[in-house]
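Throughout, the numbering used here is defined as the position within the sequence shown, counted from one, plus 685.
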Amino acid sequence: MVLLAGCNQSSKNQEATLVQDAASTRSPQSEKIQIVTTFLPMYWFTKAVVGDAANVEILVPPGTEVHEYQATPDNVKTLATANVLVKNGLGLEEFLADTIKNAENSQLKEIDASKGIQALQETSPVEKIDTEHAHEHNHEHSSGNPHVWLDPVLVKQQVNNIRDGIIAADPKNKGIYQANAAVYIKKLDDLHNEFQQTLQNYPNCTFITFHNAYPYIAKRYQIKQVAVVEIPEDQLTPQDIQRTIDAVKKYKVKTLFGEPGVNNKLLKTLSQDLDLTLHPLFSLETGESNPNYYFQAMRDNLQSLESACK
Ligand SMILES: [Zn+2]
Numbered sequence: 686m687v688l689l690a691g692c693n694q695s696s697k698n699q700e701a702t703l704v705q706d707a708a709s710t711r712s713p714q715s716e717k718i719q720i721v722t723t724f725l726p727m728y729w730f731t732k733a734v735v736g737d738a739a740n741v742e743i744l745v746p747p748g749t750e751v752h753e754y755q756a757t758p759d760n761v762k763t764l765a766t767a768n769v770l771v772k773n774g775l776g777l778e779e780f781l782a783d784t785i786k787n788a789e790n791s792q793l794k795e796i797d798a799s800k801g802i803q804a805l806q807e808t809s810p811v812e813k814i815d816t817e818h819a820h821e822h823n824h825e826h827s828s829g830n831p832h833v834w835l836d837p838v839l840v841k842q843q844v845n846n847i848r849d850g851i852i853a854a855d856p857k858n859k860g861i862y863q864a865n866a867a868v869y870i871k872k873l874d875d876l877h878n879e880f881q882q883t884l885q886n887y888p889n890c891t892f893i894t895f896h897n898a899y900p901y902i903a904k905r906y907q908i909k910q911v912a913v914v915e916i917p918e919d920q921l922t923p924q925d926i927q928r929t930i931d932a933v934k935k936y937k938v939k940t941l942f943g944e945p946g947v948n949n950k951l952l953k954t955l956s957q958d959l960d961l962t963l964h965p966l967f968s969l970e971t972g973e974s975n976p977n978y979y980f981q982a983m984r985d986n987l988q989s990l991e992s993a994c995k
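Structure representation (structure tokens):
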């Protein structure tokens with residue numbers, strides 16, 4: 686009887702916490718800490734670690750381009766009341782510095798998921814990228830290429846960084862965070878093994894992309910990315926097209942990779958004109974919010990890469 690009453694009490698409290706909005710859960714008494722993540726991969730990895738033991742929010746909506754993201758007043762509000770912020774780092778979240786400043790939250794703990802990861806400064810043999818274009822998109826490379834989440838081995842390190850940072854902020858749930866992280870890391874190990882076993886059959890296979898997002902995966906599995914465009918564009922310029930034609934000839938590829946969610950009409954026409962197949966390749970900057978979506982999309986990527994390398 687006593688136990689039952691205790692249970693009721695605690696579930697009531699939990700309910701109360703859940704219906705409160707972010708602004709009113711600031712008090713240190715509130716049971717779950719508030720974690721804010723920047724964009725989708727950070728949301729997945731954090732959600733995988735915390736499960737239901739903490740509240741996880743995302744600043745960049747899943748369908749929105751992170752590279753050119755502009756923060757909203759709501760983002761500032763969310764950060765103002767959060768306990769922890771999880772970011773990819775490596776210069777990806779350009780909107781973040783000002784947003785954090787405006788949030789004026791001196792209690793906010795920041796987790797840099799890429800801490801300890803050696804960023805690639807130079808990408809694999811990339812075609813000369815139009816630097817004027819890159820500049821126009823405000824995509825500086827001072828911190829190296831930020832797309833580390835496309836390499837399952839580096840994601841393990843990101844998950845470890847996120848786990849350790851969250852444990853430091855919320856030690857009472859340490860056991861939960863450790864156990865959840867271990868499950869996700871096991872899945873990352875399996876994914877890595879699949880990539881390795883499949884792609885080791887195609888050493889130095891070259892693939893052409895329209896987003897310089899794949900140098901880490903290329904390096905890990907000893908294949909070669911040739912990015913003819915830095916950041917996905919709705920319109921390819923005549924120079925982009927010329928670079929593509931040159932790269933197709935130079936590397937003798939039979940496939941182009943388009944990004945789902947980007948307008949690929951021109952890419953379709955171009956592939957037909959050049960007698961190439963067009964495959965999807967996910968940069969995972971957008972997608973579904975379920976943390977296991979990562980594995981599904983990465984396996985689709987593996988399939989696409991294999992069919993191009995065969
Ligand atoms: Zn990108």
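Note that CB positions come from ideal geometry on N, CA and C, so glycine has one too.
Would you mind reading off the limits of the alpha helix (DSSP H) that contains residue i?
i, result
"isoleucine 1003", "Since the first and last residues shown for the chain are 686 and 995, residue 1003 lies out of range."
"histidine 877", "859–884"
"alanine 932", "923–936"
"valine 761", "758–765"
"valine 838", "837–854"
"proline 726", "725–735"
"aspartate 783", "781–788"
Our contact map puts residue i next to residue j with C-beta atoms below 8 angstroms; I'd like the distance itself, whole angstroms only.
i, j, result
"valine 771", "alanine 866", "The pair is not a contact, with the Cβ atoms about 13 angstroms apart (cut-off 8 angstroms)."
"tyrosine 901", "aspartate 836", "4 angstroms"
"phenylalanine 942", "isoleucine 870", "That belief does not hold up - the Cβ atoms of phenylalanine 942 and isoleucine 870 are roughly 28 angstroms apart, past 8 angstroms."
"glutamine 719", "threonine 784", "At roughly 16 angstroms, the Cβ-Cβ gap does not stay under 8 angstroms, so glutamine 719 and threonine 784 are not in contact."
"valine 751", "phenylalanine 730", "Between phenylalanine 730 and valine 751 the Cβ distance is about 15 angstroms, and since that is not below 8 angstroms, they are no contact."
"isoleucine 802", "valine 833", "6 angstroms"
If you run the structure through DSSP and keep just helix, strand and coil, what is residue i?
i, result
"isoleucine 893", "strand"
"phenylalanine 967", "coil"
"glutamate 716", "coil"
"isoleucine 796", "strand"
"leucine 775", "coil"
"asparagine 740", "strand"
"lysine 667", "Coverage of the chain is limited to positions 686 through 995, which leaves residue 667 absent and any answer about it impossible."
"serine 989", "helix"
"leucine 955", "helix"
"valine 769", "strand"
"valine 751", "coil"
"valine 833", "helix"
Determine the extent of the beta strand (DSSP E) in which residue i is found, giving its start and end residues.
i, result
"threonine 940", "940–943"
"valine 911", "909–912"
contact_flag[the region 959–978, the region 746–759] where n(CB pairs < 8 angstroms) is 3 or more: Enough Cβ pairs lie closer than 8 angstroms, so yes.
Contact between the region 909–916 and the region 876–885 (3+ Cβ pairs under 8 angstroms): Contact between the region 909–916 and the region 876–885 is not established, with fewer than three Cβ pairs separated by less than 8 angstroms.
Three or more C-beta pairs below 8 angstroms linking the region 752–768 and the region 976–985: With a cut-off of 8 angstroms on Cβ pairs, the region 752–768 is not in contact with the region 976–985, counting fewer than three such pairs.
At least 3 beta-carbon pairs within less than 8 angstroms: the region 951–970 vs the region 836–855: The region 951–970, when compared against the region 836–855, does not touch it at the 8 angstroms Cβ threshold.
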